[in-house]
Each structure stands twice: as structure tokens, then as C-alpha cells.
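Residue 624 in UniProt numbering sits at position 624 of the sequence shown; the count goes up by one each step and never skips.
A virtual CB, placed ideally from N, CA and C, is assigned to each residue, including glycine.
To start, the structure itself, in C-alpha cells.
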Amino acid sequence: MNWVPESFKFVCTEIHTCIQEKFEDTAIIAVGSFMFLRFFCPAIVSPESFFDMPAIDSKVKRSLMQLVKVMQYIANGSLHSLKVPGLQDRSKELNLLNEKVVNFLKQLAVSPSKEKYPFHKITRKPYSSLRYFHKFLCTYCNAIKRRYILKELRSSSNVLSKRIQIWRRLDSCMLKMGGPKPYISLQGTNSYKVVDTSSNMNLSNSMYADFMAKVSAKNIEMAFEGSVVRSAVFNDGTPVIVVNFRYLRDIGYDVPTFVYLIFEAASRVWDNRFYIVNDFTQFFYLGVFGNSYVSILSNYAPPMFFKNCAKVFYFNLPRKKHMYFVDEVAKMRFSRFNKDCQLYFYSQADDPSVINSLCLGETTTSINHDVRAVFKDCKVYDEDKGEFTPVVLKLGRQWVQICFEKFSINYQGTTETTNPIEILLVSDLTKCDISDKTGDPNEFTLSLNRYNYEIVISSPHRQEVLRFLYFSMLRNSKPALEIVDTQNSEDDDSQLYGKLLNIVFHGLLENDEEVRSAASNLFATIGSLFDFDVGIKPSHAHRVEYPVDTTAFVILISSFFAKKLNKISPKLLKAFFSNFEKLSTETRISGIMYISPWIDNVGDIFYLPDGPELVAEIVRQFCRITDQNPNIVPFLNERIWRKLLNETRLTSIIVDEILAYTIENKSDDSSWDSLISVISPSVEICGEIVSRLNKYIRNTQIDDSDIVLQSKLLEITVLVKVCTTLFFNSHVYGSLYLSDVFFFCTLFINNPSLEFGSDLQKLVVNTIQSFSGKPDLTAEQSKLIDSSIEFFSGQRAKMLFGLTSRERATMSDMIQFYNRSTAFESFCDTLQDFISKMGSADDRIRWMTRWSSLSMEIAFSKSYFRKRAVSGVATLARSGISDSTCGRVLKLLGNIMFDDLETFSTCAICYGQLESGLTTDSPYFALIVWAQIAFSLLEIPFTYQATAHCLTNALEKSTNTEAALEVFISQRCHLEPLLSSFEAKMNVKFLPKNLQLHFFFIICKGLTVSHFRHTSITCLKRVLRSKLANFGAETEIFCYAYLFVLYLSTSPTAFEEILNEVGFEDQEFITIGKDRLPKVVETFICQNDHEAMMTMLIVSYIFRSGSDATFSRKFIGFYCHLYTMSRELALSIFHIIEPRLHESMVNSSAVDLVNDLAMIEMALISDVSYSEIRAKKKIKETVEFYQFENFDRIGKFESSSVSSETKSYTLSKMIERILYKGMCSVIDGQRLEKF
């Protein structure tokens, strides 16, 4: 002990004292960890780092490591857990040593330093230590300040003042120093031994050199993608070689080249420690390739490839049987080169943080994000074993994961088990169908013909799995379908004639003279065959000199044959589709032009046997040509699609095929504009598209499976995209379908499951723009069109359309739910304003009636969009709604309200919107108010804003507050006895003398939450304006409470604006600090009656529960003023605000605020008459007078869901029964169905 420096003793004593306060049994262990882990053990393992001595060899270092291990076990008090075979017979010696170490640590921990300051005096500033101390102070500033200032706070006012002054000096010093600087480490200071391969050349190195030279020479003209093998850096700074086995196919399964690329990448880093990550994602089989890979490594890999490879990671091994590949490489690695190498096995089933740390590509790390459905009761047939193996299927839009059961790993490393996972790309699937290879009734087979690979799977959910796979396959690109010949070519020569005519047309369009001559000959021969005079005879056809551009001539003769040989139109079109891709890019436009005359015959094909199928195939092929040749879309539109769309009998088929082709052949990221743009608007087309969209909305049901739902939503997406082009610059179509367009927008907007926000925006903007062509357009209407387009292109509308990154990020944040709802209301208001000013009286009635009826139809259906339709109905109801319609909507809300939390929030908002449309004498008006009061008691944050605005509306619409409150109280008889039971459950009472206080309390509740503060302030201002406008300050004394809370909650400038609005600018004012407060408010508070006490209690609990900086600053300033004006009232609430005063004193950096707080504390210290018991008694009198005890709940909001078995759920069901009871009483003699 005499050798231990006093500074060490001091530190160990402090550690022991601090730890013992919380963890008495581990105090000695903490001291031991400090001494051994930080000092003794490092010095033993690496003595050359601490002493002037040469480095020790690896054998000695290994022995020292074992010694340090034993010492650490002893220091940690876990000697009994030490498992070292060589020490099992020496337990007595170890126990004796353990006893000595423990005694030493105890002496060290309890030995006080003999010196007052045991640390050495220094002559130079310890910058590293000071930098650490600076960072420590910055990190734990608030905690240090709290303990220093608030310790034994009421001992003396002088002590408190002195502490504050000392802390201010420290705070000023830290302000000058600024933030802590980051640590800087210098690289390259530690030398290492570089391996000289030239002096160590052996047979392996020679074979390696020969192998690399041969493969390099073979592939000298071949370029490789960098994704086959790439370099990266691990999170610990070690270089990594990432080997992607799935790209083996990109180099033609050339295993020598594959290994060459691995050696090439590794050679850059193998002079030092490095890792290898083997990624088997989307690599199904090793087989011969695995054997070849192992053989090449064994024969040609240089020793450095294995010796310095510290870790090898295997990711997404497909199946357990492929472990032979790992075993062979590991056997070679461990037996010949590196026994210390560690092997790790991971897969998609592991933690995402592990996956992300492996330096894998973005495609691989994002596979788990693609999962849309999981099927656990599945089995995969193992052909080698002849039996099924349990698996889990994870299906997504792009990937299929087949997850096998875990198995144990016996290699040294940190992973003990792994999950083999076979990853398939959906676009590689060529077939997935029911099969009968094993006799299992639930069997089906996935085929990847590209790899000649099949997987037999059995699942009780077979139908659902297949539906999902079919849907996913449709979403990925597929080859264009071929026309199926429905007639026998032997019986119909038109097949031959169609081909011959196409050859003629193609040949005549070519620039080569010989080709033209041959085509001319064939053309003349066909004329003779059909006995047509084409102006060219076979005898001189080859001598005809054609002009450079033969397009006009080809179109002429094509038109001639189209009229004469219209029966061969299907066969000629089939031949055209087969040969179109063979045309050069320059002549494809000419090809479209010569085939155009034959389009006139497609309408007649409709009436042939199998005519609809033939027409559908023709449309499908033109869809393919349009999709693959976007540069000639204008010609296709003019020459092909306009003719097809003019045939009204073909409208349904054309729309069907365009939609089907779009869905089957386009992925989510593809642009559909070129294909959809072929649909030109007409009355028939617009009617067909709009009616289909309405039909899909009705048929998309709540109980649809995920597969069916995704399919229907995709069809709706395509239809919306089509609609964006229909109403562009066409007032006739825009006026005809305006109500449908507005209905679609209000139904689909602000829906995170739909991905066509930009198209929805284009739809509404194009429709409004189309009214620019309205006859007799007035200047006011023109201005309305401009302002409407500006609104729907603005930032707020973009948020609803989902076009802002911020909105995408917060779509799941329910706190923003009400903000999006108000934005939706503004959206609908703009649409309604457009309708009211743009059309005639008949137009307005027709548009609004159609819009409302469509919304009502979906709201009262089982459509997937029902909730949004209900919200739309309630939003439209704000302008007025009948009692009968309101009763129906309320009944619907009761049915769906408690489905989930989002629906609960939506319905709470709808209640407020319905209230806005009702008159105050409606029987439903009071019922909605009681419902909102009950919702507020659930303390669910997602309904607060709707409740606050609803109650504010109720107060605003009432011309007499007291009379309105009496009506509300009188209406509660319809809710009894359930409402009384609810009151007892919540420990509240709704009485005439406290109902207004409940309103005031609910509105002020939002001031404790930053998200709701603006809502509360807005509602307080609205109620204050209403009270002063209807009654005046003289008769409505409670308005001073609203004005006082607004004073505390707003900035001086904002409060001055409020005073000007309500006519208080001429009042007498008092000054508190830098703020002005009307004298009448001070008088109201200082009168110290029940109203003043209740007001101060509410603002005190707001302050205590977490008010913002403005409220806190003003409250503290007013409290200091109140202490001088009404000391009794100030002392009555001190015990409520004391904890927050202490917190503000510690955390505040404002000098004036800290001075006020210190003054309050010092005044209380010197005031011997203060009694907390007497203060609580004073408060109790006011509480008993109002029978209101909810103050401590003002900052409380529950986070639990109403859909779970929680207290909120139980209470919400009580509210459901109360509403049902109320509606039964409102509609006398009418029995309602069960909610």
C-alpha cells in the first residue's frame, strides 16, 4: 500500500463512495475494474508500450494474455466462472490469491488521502485533460447546476445568492470557451512490418502469378462490372473485399475469371489485415461451380490471401447442404495458413444493424424493406432427401425469400447459428402454378427457366401465395404477348396474302435498289394474283425506277388494298406486328403510315367470330409498339389511336387493353405518360373512364385481401393518370364531369397508401384550367381560375397531394393528423368556392348534388375509401346539414369510430364539422358537444384539437353563454344514467356552475404541448372575441380569465394585436418587466375570489406541466408582481409551482429570469408565516365550491390506443353507449340498429 500514490488512493476512494450509494455489493468490483482494466492488465500484456524494453514474441504474449484473463476474473469477483483446464488443480492457490487481491482493493478503497490535494503540481497546462474536463462540463451542465444550486436550498438566502453568482462566473467562462473541440488522432505513427513477397517467393506464389497472367491475357479485351467484386471499409476501419456470387452469371459462369477478380481486389489490401464478405444473395446453387471455386483457390491462392484474412463473412447461404463449400474452404484455410481466422454467418433474418454493417450493396440491404406478405406454414421439397423441409415464405413486389430453419455453426466466431435463405427475383420467375410432383394437396412449383431451376413448395395458403406472386409478376416487365391464330392457315389463304403484302410494303420502303426491285416484282405478281390493276406489270416491274421517298406511293397502294381486301385485315395486321421490329428506325414512321388505312377495317373485325378477342389483341400489340417507341407517339396518335377511339363500339375493349397492358408491363418507377397519352378525350371515352373509376371505388372493399387490394389500387392509379389527360383544355368535358373530378380528389387526397399525388394534382389543375374556354367568361371568373390554380399548386396543397418530403416523413405522425384535416377543409372550401362562382344556378345545384351523392354513396358502403368519404361528407356538411342526414351520419360514425386510432381521430373531427353545419336548436347539437367533452376526458392527444375547436364553435354560436350552458345541462337527461356512470368513473362532475370552467380547462390544456399550443391560443382568442362581442366585459367577468391566459401565452406584439382586436387598446395598463397588462386583469386576479383562484390554479398547473419559454417568463414575472399585490394568493399556489421554479432556475440562461427566481426563493426563505398546509386548505375551498378537481391532469395525455384492452378502450366503449342512448332519445319512437 505504501507504493500506491496518494492520487490513486483518492480516486479509488471516490469511486468506492459513489458506487456504494447505489450499488453497495459492487463497489469493490468497480475499484478493481478501474485499477486492473485501466492500469495493471495493459501494462502486463504490452509492457513495451509502458517500459523501455523490446517487444515480446507471440508465445510470451499468449501466456501473458492468459495471466491477464485470470487477474481480470479475480478483479471482477467472478473467479468461480473461470474455466481453464490447467488451473483446475490449483483452486486453493487461486482462492488465496483472490483473497489477497480483495483485501488490497478494500484497503485502497477506504484509505483516505493524507494530503488535502493529492495530485501532482504541474508546470505545463494539461490540454488533453482540460479538453476532457471541458467536454464533461458541457455534457453534464444541467445536472451539475441542479445539484450545486438546489442542494439544501432553504438553508440561507445568502448561500443561494452566492451559488448563483459562482455559477454565473462559470457559465460566462464556458461561453467564452465555446463548444468542445473534437479529438484529433494522428495516423501513421505506429509502424508495422511490411511483408516482402519477392524474398519469400515459393511454389504457391509462382502458381498464383501464372494463373493471374493466363486469365488476364484471356480477358484482355473484356470489361467487367465493378459489382462482381468490390472493395469497401468495415466499420472498424479494416479493408473489406465484398464478393457477390449472384453476378457470376454476368461473366458467363466463368469461375477462373471470377476468382481472378477476387485475387485482383484482395491483392490491394492483403499486405495488412483484411476481411472478406461472401454475398450469396440470389445465387441458388453451387454444385460444379462451388467445386471449381474451391479447386482454384486450393491450387492458385497465394499464402497472403489466407494469412492476413482475419474474418470471413458468409451472407444469405441458400441452403444447409451448401455448407460443404464453406467446409472445404475453411479446411484449406485452417490447416495450411491461418488458424486464427474467424468465420461469421448472417442472413436477411438477422438484425438490420448487422446487415448494414457488412458493406453489402444497397440492393441487398433493401430486400427486407420489400416484404409485403409473410407465410409461415410452408414447406420446400428437398429432392436429395425426398422430403419436405419447413420454411417461411416472405413475398414482396420484387423479391421472394425462402427462409429455412436455423442450424448450428461449429467454427470459431461470434455466430452460433444461421438461417439459410434463398433469394429469388420476381422478374426471374417465368411460371408459378399448381403442380402434382409429390402428391401433396397444397403443392405448387416456382419455375426459373432462365436458370433451368424449379422449386416445389407446399403451403395451406397456396391460393393466396399464388395470387400475390401473379400480381407481383404482372408488376414486373414481361415480353409482349403474341397474337394467337384462331383459324387454320390451310383453310384460309389470307394468312399468306397478309404476309406477302407486308413484305411488299417493307421492301418498297427500303433504300436498297435490289430490295426495291424485288419488292416491285412481288407487288406486280400480287396484283395479277388478285386480278387488280396496280399499274405495274410483272414483265417490267424490276425495271421501274422509284423515287427516293416511296412513302406516299406505299400509302396509296396500301389504301387501295385495304378497301379491296378488307377480309385479310386481321392477318395483315398480324404480319405487320411480327415484322415491325425489323424495320429500321427511319422507316418505322412510314410503316405506321401505310398500316393506317387498315385501321378503318378494325371496326368490322369486331363482328367476326372471335372478333372481340381479335380486336383486343390488335389493341394490345399497338400498346406494345407505343410503349417501345415513345419517339413516334405523335404519329401513332394521329394515324392509329384516333381512328380506333372513333369507333365507339370498340371503346370498352380499347380501355380494357390499355389498362391491362399498363398494369402488366410497367413497374412503379416507370413513366406511363406515353402510353396513356394515346387516349384522346371524347364523350364516350370520358364517360367510360369516369364510370370505371367510380365502379372500382365501390368495388374496392374493406375486407379485400392484400393481393386483391393492391391490384385494385393499381387499376385506380392508372385510371387517375388517364383522367389527367382527358379534361385538359376542354370546357365541355370539364363541365360535364366536374363533380366527379372533385369527388375523386377529395376521396384520394392525403392517402399514404396511394402513390399518385402528382397525377391527382394535375387532374384538378387541368380540370379547372379547362374552364378558361368557357363562353362568356367574366373577368372575375378568369381571376378565380388563376387563384384556384395557384392554390392547388401551392405548398399547402402539395402537402395534401403528398408531394413534399416533409409530409412523407410525417405521414405516420398522428400529431399532425388534425393539421392535415384543416388543410383538407381548406382544399374543399376552395373547390366549393369555384363551383359557387363558376357555373349557373342549375350548374351549381347539379355539381354539388352529384358531389354530395357520390360521397354519401361511398360513405354508407363497405368501400375501402369509406372513411375518407365520411370525412368528405362531414366537410361538406359545414355549410349546412339537415337533422335527418346528420342523424344518419352520426349513426355511421358510431359504427366505425372505434375500429382503430386513426378512424377514432377522423370521427372526432367529423363530429366538430357536423356541429358547424347544425343550428343551435338542433337536437343533435348538444349531443355532439357532450360527446366532445367526453372525448377530452380520454386524454387521447389525437382528438384534442378537434375537441377544442368543436367546443369553441359551440361557445361562438351561442348568443348567450349562460343560456347555452343551461341548454347543454338540460339535454343531459337524454344521456342518463350512463353519463353519471361515466362521471363517477372519471371522478368529475358536470354542473351548471362548473361547465364553463370545463370548457376553459379543455381549451387551455393544449398550452402544455408544443403541437397544440397554437390551437389553444386560436381558440382562446375566438372565445374572447365572442364573449366581448355578445356581452361585453362588464357582464362576462370570466372573459378576464381568457385574456389573462392569452397575456401569458403570447408575445408582447401578438398580445397588443389581440387587445386592439377586442377593443382594449384604450384601457389602463400596468407594466410588468417589459410587458403591458390591462389593469382590469390585475384587479380581477387580485380580488382573490373563487374565479381568481381558479384562474391562477389553472395557469399554475400549465406552468408546472411544461409551458413554453414565453409563458414561463411572463408567469414568473407576474408571480413576482402578485407577491407584492396579493401575497396570500401568491403563497397559496407556491407549492404547486415550486418544482418548476427550481428547474427554471437551473436551466435558464436569462439573467433577469434567474434574478426573479432567486428573489422568490429568498422571499420565501425569509417569510416565516408561509404554511403549505394553510395554502392547500385555501385551494380546497375553491375546489369544493366548483366541485372541479382536474387541475393536475392539465398536462396529461395518454399514449395508449383505443383499440386495445386499456383504460382508454373501456372508457371509449362507455362513450359509445352514451351516444347510442342519446340518439335513441333524440329520435322519439324510432328504434336504431345496434351501433
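Which listed residue (the options) has its alpha carbon closest to that of residue i
i, options, result
"V655", "K1079, I1194 and E715", "E715"
"M1159", "V31, V159 and N98", "V159"
"T651", "T662, A616 and Y661", "A616"
"L914", "K394, M207 and T947", "T947"
"K331", "P256, K320 and L343", "L343"
"A877", "V967, R846 and S916", "S916"
"I663", "T778, M473, Y818 and N694", "M473"
"K162", "N1155, K1196 and F1001", "N1155"
"S821", "R397, Q945 and V269", "Q945"
"C1004", "E956, G1195, L675 and E1068", "G1195"
"L719", "L693, G252 and H731", "L693"
"S249", "Q282, S267 and V240", "Ser is not the amino acid found at residue 249; the sequence shown has Arg there. Comparing Cα positions, the closest option is Q282."
"T17", "A43, T417, V110 and K100", "V110"
Cα-Cα separation, residue i to residue j
i, j, result
"F1038", "M1162", "34 Å"
"C12", "A143", "23 Å"
"T1110", "A1054", "12 Å"
"E825", "T746", "10 Å"
"S1212", "L997", "23 Å"
"Q769", "D786", "8 Å"
"A213", "V243", "21 Å"
"S1201", "P941", "Caution is warranted here: a pLDDT of 48 is assigned to S1201, below 50, making its placement in the model unreliable, and the coordinate value is therefore given only provisionally. Those two C-alpha atoms are separated by around 11 Å."
"L784", "L831", "11 Å"
"E93", "F334", "37 Å"
"G734", "N750", "23 Å"
"G1229", "R888", "Low per-residue confidence applies at G1229: pLDDT is 37, beneath 50, and the placement is therefore not dependable, though the value from the model is reported in the following sentence. C-alpha separation (whole angstroms): 16 Å."
"F1143", "S1107", "The residue asked about is misnamed: residue 1143 is Glu in this sequence, not Phe. One C-alpha to the other measures close to 12 Å."
"Q781", "S788", "10 Å"
"N308", "Y346", "22 Å"
"P303", "R624", "56 Å"
"S185", "F1197", "Unreliable placement is indicated for S185, whose pLDDT of 34 sits below 50; the coordinate value is still reported in the next sentence. For S185 and F1197, the distance between alpha carbons rounds to 48 Å."
"M1214", "F1000", "24 Å"
"N356", "S231", "15 Å"
"V195", "D271", "Low confidence applies to V195: its pLDDT is 33, below 50, so where it sits in the model is not reliable, and the reading given next is rough at best. Taking the straight line from one Cα to the other gives about 7 Å."
"R639", "F791", "39 Å"
"residue 1321", "N629", "Within the shown structure, residues of the chain are numbered from 1 to 1235, placing residue 1321 beyond reach of any answer."
Boundaries (first-last residue) of the beta strand (DSSP E) holding residue i
i, result
"P239", "P239 to N244"
"E443", "E443 to L448"
"Q401", "W399 to F404"
"T1071", "F1069 to I1072"
"C378", "V371 to D382"
N- and C-terminal bounds of the alpha helix (DSSP H) containing residue i
i, result
"E1128", "R1127 to S1132"
"T875", "R866 to L876"
"S91", "S91 to V110"
"P180", "Run containing P180: none; DSSP gives neither H nor E here."
"F1103", "H1090 to G1106"
"D704", "Run containing D704: none; DSSP gives neither H nor E here."
Neighbour flag for residue i against chain E, beta carbons, 8 Å
i, result
"K1213", "No chain E appears in the structure shown, which is made up of a single protein chain."
Could you tell me which whole alpha helix (DSSP H) segments of length 4 or greater appear in the segment 771-800? 779-792
Counting pairs of beta carbons, one from the segment 1167-1181 and one from the segment 937-954, are three or more of them closer than 8 Å? no
Every unbroken alpha helix (DSSP H) inside the segment 881-961 [4 residues or more]: 883-896, 901-917, 923-938 and 944-957
With three or more beta-carbon pairs closer than 8 Å as the criterion, would you say the segment 845-853 touches the segment 730-740? With a cut-off of 8 Å on Cβ pairs, the segment 845-853 is in contact with the segment 730-740, counting three or more such pairs.
So within the segment 243-308, which uninterrupted alpha helix (DSSP H) runs reach at least 4 residues, ignoring any that extend past its ends? 255-266, 287-300 and 303-307
Answer yes if the segment 456-467 comes into contact with the segment 696-710, meaning at least three C-beta pairs across the two stretches below 8 Å, and no otherwise. yes
Give, in chain order, every unbroken run of the alpha helix (DSSP H) that is at least 4 residues long and sits entirely within the segment 607-685. Counting only runs of 4+ residues, the alpha helix (DSSP H) found wholly inside the segment 607-685 occupies 611-628, 633-636, 642-646, 651-665 and 673-676, in chain order.
Could you say if the segment 100-112 and the segment 27-42 meet the contact criterion of at least three C-beta pairs nearer than 8 Å? yes
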